[in-house]
Amino acid sequence: MMFRCRKQSGFSLVEMAVVLVIVGLLMAGLFMPITAQMDQKNYNETQRTLMELREALVGYALSRSAEDGRPYLPCPDIDNDGWEDRDEATGQCLGVDADVPWATLGLGQTDGWDNRIRYRVAANFASNKAGFTLTTVGNMEIRDAAAGNVLATDVPAVLVSKGKRGAGAGADELENSDGDTIFVSRTPSNEFDDLVVWLPRTVLFNHMVAAGRLP
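Numbering (the numbering used here), first residue to last: 1181 to 1395.
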């Protein structure tokens, strides 16, 4: 008598496990709304852009020398052309609070929502006649709420994205839009979606000292 081997059909246990994993991942993706996924993507992209811009500010200071031989930071872009705006006669910025000079820095024109990124710099850090020293003090303050705890003081430069909603109405978001030297940085929520990155004096000075630009 001749026995014939009958080929088994169907999935193996390993194949079934792989299929279940894939189905689980697909279902998890469906439970998160597409808009939420896009918001998270834009948030991550903006955070990365802000950090790259902060590094670019340091790079600018490392590669520029004022008339006294000391480093200085770029001025904001006040006419929306991407280039810093400076009074060459005085060496001072034409404005200390405007758009980031993305063309001057070579990156970061807008945030993840295609809104321009704001940049504020302390005037005494941005003169190309007399650069900053290790005793130069910034004039900005970072808090965790409009009337909250102070996170950083004497800050030379701040970068701000107004998030998905743009200019908001809450007290904390308004603090980032009122043109003064106080900024709020905290965990995003339904009432607050600004992203704020600042350049601390210590970070700036450490880079300058390591590169031999200061003291």
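Every residue, glycine too, gets a C-beta built ideally from N, C-alpha and C.
Just how far apart, CA to CA, sit residue i and residue j?
i, j, result
"Ala1390", "Thr1316", "17 Å"
"Leu1331", "Glu1247", "34 Å"
"Ile1297", "Lys1309", "27 Å"
"Asp1259", "Thr1361", "21 Å"
"Leu1339", "Ala1197", "48 Å"
"Ala1283", "Gly1350", "32 Å"
"Asp1373", "Glu1353", "8 Å"
"Pro1380", "Gly1249", "22 Å"
"Gly1359", "Val1203", "50 Å"
"Gly1318", "Leu1200", "57 Å"
How about residue i and residue j: are their beta carbons less than 8 Å apart?
i, j, result
"Tyr1299", "Asp1279", "yes"
"Asp1265", "Pro1256", "yes"
Quick one, which of the options has its alpha-carbon nearest residue i's?
i, options, result
"Thr1397", "Trp1293, Arg1244, Arg1381, Asn1308", "The displayed coordinates of the chain run from 1181 to 1395. Any statement about residue 1397 would go beyond what the structure contains."
"Val1383", "Leu1314, Val1198, Ala1283, Asp1373", "Leu1314"
"Gly1346", "Ala1337, Asn1356, Phe1305", "Asn1356"
"Ser1365", "Leu1242, Ala1327, Val1198", "Ala1327"
"Lys1221", "Thr1361, Gly1359, Gly1343", "Gly1343"
"Thr1270", "Asn1386, Ala1303, Asp1261, Leu1242", "Ala1303"
"Met1388", "Val1238, Ser1369, Thr1333, Gln1217", "Val1238"
Using a beta-carbon distance below 8 Å, is residue i in contact with chain B?
i, result
"Trp1263", "Here chain B cannot be found, since the structure has a single protein chain."
Handout entry: Minimum length 4: unbroken alpha helix (DSSP H) runs contained in the region 1258 to 1312
Key = Within the region 1258 to 1312, complete alpha helix (DSSP H) segments of at least 4 residues are found at 1282 to 1285, given in chain order.
Exercise for the section: Ignoring anything shorter than 4 residues or poking outside the region 1210 to 1259, list the alpha helix (DSSP H) runs there in chain order. Expected result: The qualifying runs are 1214 to 1243.
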